[in-house]
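Chemist:
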Amino acid sequence: GAGVSQSPRYKVAKRGQDVALRCDPISGHVSLFWYQQALGQGPEFLTYFQNEAQLDKSGLPSDRFFAERPEGSVSTLKIQRTQQEDSAVYLCASRQGPVNTEAFFGQGTRLTVV
Amino acid sequence: ELKVEQNPLFLSMQEGKNYTIYCNYSTTSDRLYWYRQDPGKSLESLFVLLSNGAVKQEGRLMASLDTKARLSTLHITAAVHDLSATYFCAVENTGNQFYFGTGTSLTVIP
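Chains as they are written, first to last, in the numbering used here: chain A, 7 to 120; chain B, -5 to 104.
#1: Measure the Cβ-Cβ separation of Asn12 of chain B and Ala79 of chain B and say whether it is below 8 angstroms.
#2: On the three-state DSSP scale, how would you describe Asp124 of chain A?
#3: Between the Cα of Glu131 of chain B and the Cα atoms of B:Ile103, B:Val42, B:Val85, which residue gives the shortest distance?
#4: Can you give me, in chain order, the residues of the stretch 23 to 40 of chain A that have a beta carbon less than 9 angstroms from any beta carbon in chain B?
#5: If we count Cβ pairs, one from each stretch, closer than 8 angstroms, do we get three or more for the stretch 53 to 66 of chain B versus the stretch -3 to 4 of chain B?
#6: Looking only at its chain, what residues have a beta carbon closer than 6 angstroms to the beta carbon of Lys50 of chain B, apart from the 5 residues adjacent to it on each side?
#7: Leu45 of chain A to Thr21 of chain B, Cα distance in whole Å?
#8: What three-state label does DSSP hand Asp30 of chain A in the structure shown?
#9: Using a Cβ-Cβ distance under 8 angstroms, would Gln47 of chain A count as near chain B?
#10: Could you please give the first and the last residue of the uninterrupted beta strand (DSSP E) stretch that includes Arg30 of chain B?
#11: Given this structure, state the Cα-to-Cα distance separating Asp76 of chain B from Asp69 of chain A, to the nearest angstrom.
#12: Report, in whole angstroms, the separation of the C-beta atoms of Gly9 of chain A and Arg87 of chain A, which I expect to be a contact under 8 angstroms.
#13: Closest to Asp24 of chain A by CA distance: which of A:Tyr96, A:Thr115, A:Arg101, A:Phe71 is it?
#14: With respect to the beta strand (DSSP E) encompassing Lys11 of chain B, which residues constitute its N-terminal and C-terminal limits?
#15: Return the residues of the stretch 87 to 99 of chain A that lie within a Cβ-Cβ distance of less than 7 angstroms from chain B, sorted by chain order.
#16: Given this structure, state the Cα-to-Cα distance separating Tyr16 of chain A from Val119 of chain A, to the nearest angstrom.
#17: Measure the Cβ-Cβ separation of Thr96 of chain B and Tyr81 of chain B and say whether it is below 8 angstroms.
#18: Does the beta carbon of Val74 of chain B sit closer than 8 angstroms to a beta carbon anywhere in chain A?
#19: Quick check: the Cα distance between Arg25 of chain B and Val18 of chain A, rounded to an integer number of angstroms?
#20: Determine the extent of the beta strand (DSSP E) in which Gln60 of chain A is found, giving its start and end residues.
#21: Apart from the five residues just before and just after Pro14 of chain A, which ones in its own chain have a Cβ nearer than 7 angstroms to its Cβ?
#22: Does DSSP classify His75 of chain B as helix, strand or coil?
#23: Can you tell me which of the three DSSP states Ala48 of chain B falls into?
#24: List, in chain order, every chain B residue whose beta-carbon is nearer than 9 angstroms to that of Phe51 of chain A.
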């Protein structure tokens, strides 16, 4: 596609509900990243995939957060038993190679937990 | 963990003036990126700096990287209203993680 696409754009979840956020990277991009951006802050790293391999998940804040990219293209970030502190914008980014190339970001999914 | 600090956090400047945003980082890296974010929008890539002494310019914006000082600057020349946005620098570590600064919110006033 023309750019990184994320869905849904907005999600309101009741506390305790499970959510799934989808990311369609740019076609052919090897690397895929998930970031969490709280209001007024810079994005914070969650996890990184190279093709289907999750090479780094050190930024996932708890075991309620789970990400997958089973076929090396589309990725899903799942949050179980959502809490209010999970409210943020979740950004997905992809880039062509593993290193030294710019990353392109999607529009993000704004998650509000009520 | 790599720390990235930007200053100023907020910048209000008049049209036509020049100013510089600073990005300091805590550990060795020679891969630094500048992004722009408009309210409610995603991050738009501005510059990719991949070596010591790298300088890139696009319109009224110029970015540079000094890896020895662990410092990057984003210089704005003759600001115009369209440049109002939040600017982030991001430093990449050896594990391909991007560490972002807290951002500089720029407002250009007539």
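Idealized CB from N, CA, C, for every residue including glycine. Note that this is a predicted model, so its numbers are computed, not measured.
Modeler: Inspection of the coordinates gives the following:
#1: Walking along the second sequence from the start, residue 12 of chain B turns up at place 18. Walking along the second sequence from the start, residue 79 of chain B turns up at place 85. Cβ distance not < 8 angstroms, so Asn12 of chain B and Ala79 of chain B don't count as in contact.
#2: For residue 124 of chain A there is no data in the structure shown, the boundaries of chain A being 7 and 120.
#3: This structure does not reach residue 131 of chain B, given that chain B is present from -5 up to 104, and the question cannot be answered.
#4: Of all residues in the stretch 23 to 40 of chain A, Ser37, Phe39 have a Cβ within less than 9 angstroms of some Cβ in chain B.
#5: The answer is no - the stretch -3 to 4 of chain B does not touch the stretch 53 to 66 of chain B, with fewer than three Cβ pairs under 8 angstroms.
#6: Taking the second sequence and counting its residues from 1, the one referred to as residue 50 of chain B is at position 56. So the list reads Phe41, Ala57, once near-sequence residues are dropped.
#7: To locate residue 45 of chain A, count along the first sequence from 1; it is residue 39. To locate residue 21 of chain B, count along the second sequence from 1; it is residue 27. Rounded to the nearest whole angstrom, the C-alpha separation of Leu45 of chain A and Thr21 of chain B is 26 angstroms.
#8: Along the first sequence, read from residue 1 onward, the residue named residue 30 of chain A stands at position 24. Strand.
#9: The residue labelled residue 47 of chain A in the question sits at position 41 within the first sequence. Between Gln47 of chain A and chain B, the shortest Cβ-Cβ separation is below 8 angstroms.
#10: For the purposes of this step, residue 30 of chain B is taken as the residue at position 36 of the second sequence. Where Arg30 of chain B is concerned, the enclosing beta strand (DSSP E) stretches over 26 to 31.
#11: Locating residue 76 of chain B in the second sequence gives position 82, where the first residue counts as 1. Locating residue 69 of chain A in the first sequence gives position 63, where the first residue counts as 1. It is roughly 42 angstroms from the alpha-carbon of Asp76 of chain B to the alpha-carbon of Asp69 of chain A.
#12: The residue you call residue 9 of chain A lines up with position 3 of the first sequence. The residue you call residue 87 of chain A lines up with position 81 of the first sequence. Not really, about 32 angstroms apart at Cβ, beyond 8 angstroms.
#13: Numbered from its first residue, the first sequence carries residue 24 of chain A at position 18. When only C-alpha atoms are compared, the closest one is A:Phe71.
#14: Here residue 11 of chain B corresponds to residue number 17 of the second sequence, with the count starting at 1. First-last for Lys11 of chain B: undefined, no H or E at that position.
#15: Cβ proximity to chain B below 7 angstroms picks out Leu97 from the stretch 87 to 99 of chain A.
#16: Taking the first residue of the first sequence as 1, we reach residue 16 of chain A at position 10. Taking the first residue of the first sequence as 1, we reach residue 119 of chain A at position 113. Taking the CA atoms as reference points, Tyr16 of chain A sits about 11 angstroms from Val119 of chain A.
#17: By one-based count along the second sequence, residue 96 of chain B stands at place 102. By one-based count along the second sequence, residue 81 of chain B stands at place 87. Result no, Cβ atoms of Thr96 of chain B and Tyr81 of chain B do not sit closer than 8 angstroms.
#18: Along the second sequence, one-based indexing puts residue 74 of chain B at 80. The beta carbon of Val74 of chain B sits no closer than 8 angstroms to any beta carbon of chain A.
#19: In the second sequence, the residue the question calls residue 25 of chain B occupies position 31. In the first sequence, the residue the question calls residue 18 of chain A occupies position 12. Distance between the alpha carbons of Arg25 of chain B and Val18 of chain A is about 36 angstroms.
#20: Within the first sequence, numbered from 1, the residue matching residue 60 of chain A stands at position 54. Taken as a continuous stretch (DSSP letters only), the beta strand (DSSP E) holding Gln60 of chain A covers 59 to 62.
#21: Position 8 of the first sequence, counted from the first residue, corresponds to residue 14 of chain A. The beta carbon of Pro14 of chain A sits closer than 7 angstroms to those of Thr115, all from its chain and outside the five residues before and after it, given in chain order.
#22: As a first step, residue 75 of chain B is located in the second sequence; it is residue number 81 there, counting from the start. If DSSP states are grouped into helix, strand and coil, His75 of chain B belongs with the helices.
#23: Reading the second sequence from its first residue, position 54 is the one you call residue 48 of chain B. In the three-state scheme derived from DSSP, where H, G and I count as helix and E and B as strand, Ala48 of chain B is classed as coil.
#24: As a first step, residue 51 of chain A is located in the first sequence; it is residue number 45 there, counting from the start. At a C-beta separation below 9 angstroms, Phe51 of chain A has these neighbours in chain B: Gln91, Phe92, Tyr93, Phe94.
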